[in-house]
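Single-structure report; data block below.
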Amino acid sequence: MASAQNNWLPETEELYTRLRALAERGGWVQIWNTKINLMPPQYAFSSVITENGRVLHHALFVQEEEKSLMGVCQFGEEAQGLVGVAHGGATATMHDGTTGVLADRVLGKAIVTASLAVNFKRPTPLRSPILIVAHVDKIEGKKVFLKSYMKSPDGATVYSDCTVLYVNIESKLKKKANSRL
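Using this note's numbering, the letters of the sequence shown map in sequence onto residues 19 to 199.
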């Protein structure tokens, strides 16, 4: 049974509701919500569940035409680094996962992370709502360059930002599959 320690906080719920309202007006599609989707898809990067519940709650919205993502996340206590602060690895995982979801939605092809650079600006608080925004900077052949941010709910404080390069490996997978035939 999930502990109250890792349930969505009212403030997280409030940010989610605000983002959902924006999404409905702007052509955004909700692609994931840990409160609704109890079983993660096979590729879910953030599906760790302990006896206290989810380590990382999140809900994500994508606007494919604008190549953008927005969402909310809340790090549970098991994601702790220093007391009251999310571990840098958990933060990097969230950046990698959300930009990966966006790159996958935009390209619709098999991609892998080639480079990930996280700049930690301020400590990311545990059990607090975090606004996530990401966008595709550019696409060059098989390379997709993205930028993401984790911010306070009002967007005024940037906890971290991240630049990511993904590479489309679909042709390599097809070659490998064909070589097995």
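Every residue, glycine too, gets a C-beta built ideally from N, C-alpha and C. Keep in mind it's a predicted model, so treat the numbers as computed, not measured.
Helix, strand or coil: which one does DSSP assign to residue i?
i	result
A20	Interpretation of A20 is limited by its pLDDT of 44, a score under 50 that renders its predicted location unreliable; the figure taken from the coordinates is listed afterwards. It is coil, neither helix nor strand.
H105	coil
A110	helix
E31	helix
E96	helix
L125	helix
E158	strand
L40	helix
G89	strand
L149	strand
Which residues in the same chain have their Cβ closer than 6 Å to the Cβ of residue i, if we skip the five residues on either side of it in sequence?
i	result
P171	L33, P147 and L149
E188	K127 and A128
D179	N137 and Y167
Taking just the CA atoms, how far does residue j sit from residue i?
i	j	result
M88	A132	22 Å
T52	A39	18 Å
C91	G159	31 Å
G134	L125	In the sequence as displayed, the identity of residue 134 is Leu instead of Gly. Cα-Cα distance, rounded: 18 Å.
A20	N137	Per-residue confidence for A20 stands at a pLDDT of 44, beneath the threshold of 50, marking its modelled position as unreliable; the derived number appears in the next sentence. In a straight line, the C-alpha of A20 is about 32 Å away from that of N137.
R43	H76	21 Å
G45	A104	32 Å
V130	K161	10 Å
V101	T111	19 Å
H113	R36	21 Å
A41	V47	7 Å
P141	T109	10 Å
G200	Y184	One cannot answer for residue 200 here, as it falls past the ends of the chain, which runs 19 to 199.
Pull the bridge partners of residue i from the DSSP assignment, please.
i	result
L183	S133 and F163
W50	L78
K169	L149 and V176
P143	V103
If you drop the 5 nearest sequence neighbours on each side, which residues of the same chain put their C-beta closer than 7 Å to that of residue i?
i	result
T116	L78, L87, G89, I150, A152 and S166
D122	I129
Taking 8 Å as the limit between beta carbons, can you name the residues of its chain near residue i, skipping five residues before and five after?
i	result
L27	Q92, R145, S146 and P147
* To do: Indicate whether the contact test is met: 3 or more Cβ pairs, each with one atom in the stretch 74-86 and one in the stretch 153-173, closer than 8 Å.
  => Verdict: yes, contact present.
* Asked: Counting pairs of Cβ atoms below 8 Å between the stretch 162-175 and the stretch 92-99, do you hit three or more?
  -> no
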